[in-house]
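**Q** Attaching a single structure in structure tokens format; questions to follow.
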Amino acid sequence: TATGNLKYGFGNYVVLFHPKLNLYTLNGHLSTVAAAPGQIVKAGDTIGFVGTTGFSTGCHLHFGGYVEMQILETSYGKSPWYAPDKTLNPSGLF
């Protein structure tokens, strides 16, 4: 679990790694983060609450699935970074 707060971009966010799937998921624009960095979470655990933090114009959840992800230190804070060609295309999942 990685968490952060970016004034720009995702605002309050939680990144989870799912080892069985070799997949990262990002949950952004949260009003409050309920998970701690490094915390192991399981299905049903609360990790945060929907909000409109960061670069956002209304309450929503920014959710994404990524094959590769890094957390980079930027002038705005710790920022999730992913290669555009490593995003998960959900159309093949359903």
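Residue numbers (the working numbering): 58 to 151.
We put the beta carbon where it would ideally sit given N, CA and C, even for glycine.
1. What residue from 138, 116, 100 has the CA that sits closest to residue 106's CA?
2. Are the CB atoms of residue 86 and residue 110 nearer to each other than 8 Å?
3. Which residues mark the beginning and the end of the beta strand (DSSP E) in which residue 71 is found?
4. According to DSSP, simplified to helix, strand and coil, what is residue 148?
5. Does the separation of the CB atoms of residue 103 and residue 93 fall below 8 Å?
6. On the three-state DSSP scale, how would you describe residue 135?
7. Measuring straight from C-alpha to C-alpha, what distance separates residue 99 and residue 123?
8. Thinking C-beta only, is residue 121 closer than 8 Å to residue 83?
**A** With the given structure in hand:
1. Here residue 106 refers to the residue found at position 49 when the sequence shown is read from its first residue. Checked all of 138, 116, 100; the closest Cα to residue 106 is 116.
2. Here residue 86 is taken as the residue at index 29 of the sequence shown, counted from 1. Here residue 110 is taken as the residue at index 53 of the sequence shown, counted from 1. Going by C-beta atoms, residue 86 is nearer than 8 Å to residue 110.
3. Mapped onto the sequence shown, residue 71 falls at position 14. 69-75 is the extent of the beta strand (DSSP E) around residue 71.
4. Numbered from 1 along the sequence shown, position 91 holds the residue referred to as residue 148. If DSSP states are grouped into helix, strand and coil, residue 148 belongs with the helices.
5. Taking the first residue of the sequence shown as 1, we reach residue 103 at position 46. Taking the first residue of the sequence shown as 1, we reach residue 93 at position 36. 8 Å or more divides the Cβ of residue 103 from the Cβ of residue 93.
6. Start at 1 with the first residue of the sequence shown, and residue 135 comes out as number 78. Residue 135 falls in the strand class under three-state DSSP.
7. Here the question's residue 99 lines up with position 42 in the sequence shown. Here the question's residue 123 lines up with position 66 in the sequence shown. If I take the Cα positions, the gap works out to 19 Å.
8. The residue you call residue 83 lines up with position 26 of the sequence shown. The residue you call residue 121 lines up with position 64 of the sequence shown. Yes, the pair counts as a contact, with Cβ atoms nearer than the cut-off.
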